[in-house]
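S.K.: The UniProt record's numbering applies: residue 1 is where the sequence shown begins, and numbers increase by one.
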Amino acid sequence: MIPKTLLFIGYLLLYSLCLFGQEEIEDPVVAKINVESNGSVFQIAATGLNKTEISKSLSYKLSVFKKAIGNQSEATMNSGGRFVLAPEEQKVLTVQSLNTEENQRVIVLLLIYEDDKLLAKDRVVINGFEGEDTLAPIVVHELDKAVREEDDREADVVLLKGLVVEDTKTKAGSDFYKYFYSAYNANNINGEEIVKIQEVLAMGSNTRLKIYVGQDVVAQFFLNPRASFLKEKAEQSVYLVNRHLMGLKEAKRQKIKY
Numbered sequence: 001m002i003p004k005t006l007l008f009i010g011y012l013l014l015y016s017l018c019l020f021g022q023e024e025i026e027d028p029v030v031a032k033i034n035v036e037s038n039g040s041v042f043q044i045a046a047t048g049l050n051k052t053e054i055s056k057s058l059s060y061k062l063s064v065f066k067k068a069i070g071n072q073s074e075a076t077m078n079s080g081g082r083f084v085l086a087p088e089e090q091k092v093l094t095v096q097s098l099n100t101e102e103n104q105r106v107i108v109l110l111l112i113y114e115d116d117k118l119l120a121k122d123r124v125v126i127n128g129f130e131g132e133d134t135l136a137p138i139v140v141h142e143l144d145k146a147v148r149e150e151d152d153r154e155a156d157v158v159l160l161k162g163l164v165v166e167d168t169k170t171k172a173g174s175d176f177y178k179y180f181y182s183a184y185n186a187n188n189i190n191g192e193e194i195v196k197i198q199e200v201l202a203m204g205s206n207t208r209l210k211i212y213v214g215q216d217v218v219a220q221f222f223l224n225p226r227a228s229f230l231k232e233k234a235e236q237s238v239y240l241v242n243r244h245l246m247g248l249k250e251a252k253r254q255k256i257k258y
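(1) Is L85 closer than 7 Å to N50 when the C-beta atoms are compared?
(2) Quick check on DSSP: helix, strand or coil for L240?
(3) In its own chain, which residues sit with a C-beta less than 6 Å from the C-beta of P225, not counting the 5 before and 5 after it?
(4) Using the C-alpha atoms, what's the distance from M246 back to T47?
(5) Considering just the uninterrupted stretch of the alpha helix (DSSP H) at G191, what are its terminal residues?
(6) Measuring alpha carbon to alpha carbon, tell me which of R243, Q220 and E232 ends up nearest residue 265.
(7) What is the DSSP secondary structure of Q215, counted as helix, strand or coil?
(8) In whole angstroms, what is the alpha-carbon distance linking residue 305 and S205?
(9) Would you kindly work out how many angstroms separate the C-alpha atoms of F44 and D216, rounded to a whole number?
(10) Helix, strand or coil: which one does DSSP assign to E235?
(11) By how many angstroms is the C-alpha of F83 removed from the C-alpha of Y113?
(12) Is DSSP giving A45 helix, strand or coil here?
(13) Whole angstroms is fine: what's the gap from F229's alpha carbon to V92's?
(14) Comparing alpha-carbon positions, which option in I107, L111, K252 and V200 lies nearest K67?
(15) Quick check on D167: buried or exposed, where buried means 16 or more other Cβ atoms within 10 Å of its Cβ?
(16) Which of helix, strand or coil does DSSP assign to S228?
This is the structure we're talking about:
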């Protein structure tokens, strides 16, 4: 009969080997935008890949930002929803057709979330600035990482600067987004973080709006459909977003300084 002490030691060794054999996956979920072009018409397929050995319940947002060179950008949410990825499964989330005008710069942005945490993103630039390929789309694959090359960081800032993503469910939520986006552009904020307007279910039939700067919630309130209320809240939210962006910019400056 094997002594209990030896059994216990054997169990610990086996457990340690199992832990040692498990490698942490740096990018557990991968977002990818595949593009096929036919002149001025582009077919966009958004996909998600689960690289882990467990199922994941996720959500995605596919946004198209059209901008005639020299003008302010306008954001349109084309598609979004929840989905489940089995272990090591890749799935097509949505397929969209996109028409572009001559010299019209377009950014297609795919965001994949787990709850409210951004796990992965991908983007495509069509009709870029001078120095970018004006015929074929430029695809950049990346995730938020602690360490990143400086040129990649600068490219990320340029392409994501001033973007406001809409995730609303009601007409009132959509109206708030329009008021917010108008005020955001009027103030020439052009922040270096993605701003997200998210509408979520609350008590009863009420909904709550949350305004994110990156991963941070800077404002939230219960929705009221009155236009005067929406306009007032939009102005307040723009102020709070701008203040938060300025704080992030100052913190970054201080970090570089010291």
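Where is the CB? At the ideal position from N, CA and C, for every residue including glycine. Since the structure is predicted, the reported quantities are computational estimates derived from the model, not experimental observations.
M.R.: Well, looking at it:
(1) One-based indexing of the sequence shown puts residue 50 at position 50. One-based indexing of the sequence shown puts residue 85 at position 85. Cβ atoms of N50 and L85: closer than 7 Å.
(2) What you label residue 240 is simply residue 240 of the sequence shown in a count that begins at 1. If DSSP states are grouped into helix, strand and coil, L240 belongs with the helices.
(3) Sequence index remark: in the sequence shown, residue 225 carries index 225 (1-based). Closer than 6 Å at Cβ, skipping near neighbours: A172.
(4) Sequence index remark: in the sequence shown, residue 47 carries index 47 (1-based). Sequence index remark: in the sequence shown, residue 246 carries index 246 (1-based). Distance between the alpha carbons of T47 and M246: 34 Å.
(5) One-based indexing of the sequence shown puts residue 191 at position 191. Here G191 belongs to no alpha helix (DSSP H), and DSSP marks it neither H nor E.
(6) Past the boundaries of the shown model lies residue 265; the chain is included only from 1 to 258, so the question cannot be answered.
(7) Walking along the sequence shown from the start, residue 215 turns up at place 215. Here Q215 sits in coil by DSSP.
(8) Not covered by the structure: residue 305. The range shown for the chain is 1 to 258.
(9) Reading the sequence shown from its first residue, position 44 is the one you call residue 44. Reading the sequence shown from its first residue, position 216 is the one you call residue 216. Note that residue 44 is Ile in the sequence shown here, rather than Phe. Distance between the alpha carbons of I44 and D216: 29 Å.
(10) If you number the sequence shown from 1, residue 235 lands on position 235. Three-state DSSP puts E235 in a helix.
(11) Taking the sequence shown and counting its residues from 1, the one referred to as residue 113 is at position 113. Taking the sequence shown and counting its residues from 1, the one referred to as residue 83 is at position 83. About 10 Å.
(12) Taking the first residue of the sequence shown as position 1, residue 45 is located at position 45. In this structure, A45 counts as strand in the three-state DSSP scheme.
(13) By 1-based counting over the sequence shown, the position of residue 229 is 229. By 1-based counting over the sequence shown, the position of residue 92 is 92. F229 and V92: Cα-Cα distance of roughly 39 Å.
(14) Position 67 of the sequence shown, counted from the start, is the residue given in the question as residue 67. Looking at the Cα atoms, I107 is the closest of the given residues.
(15) Indexing the sequence shown from 1 puts residue 167 at position 167. So D167 counts as buried.
(16) The count along the sequence shown starts at 1 and reaches residue 228 at position 228. In the structure shown, S228 sits in a helix (DSSP, three-state: H, G or I).
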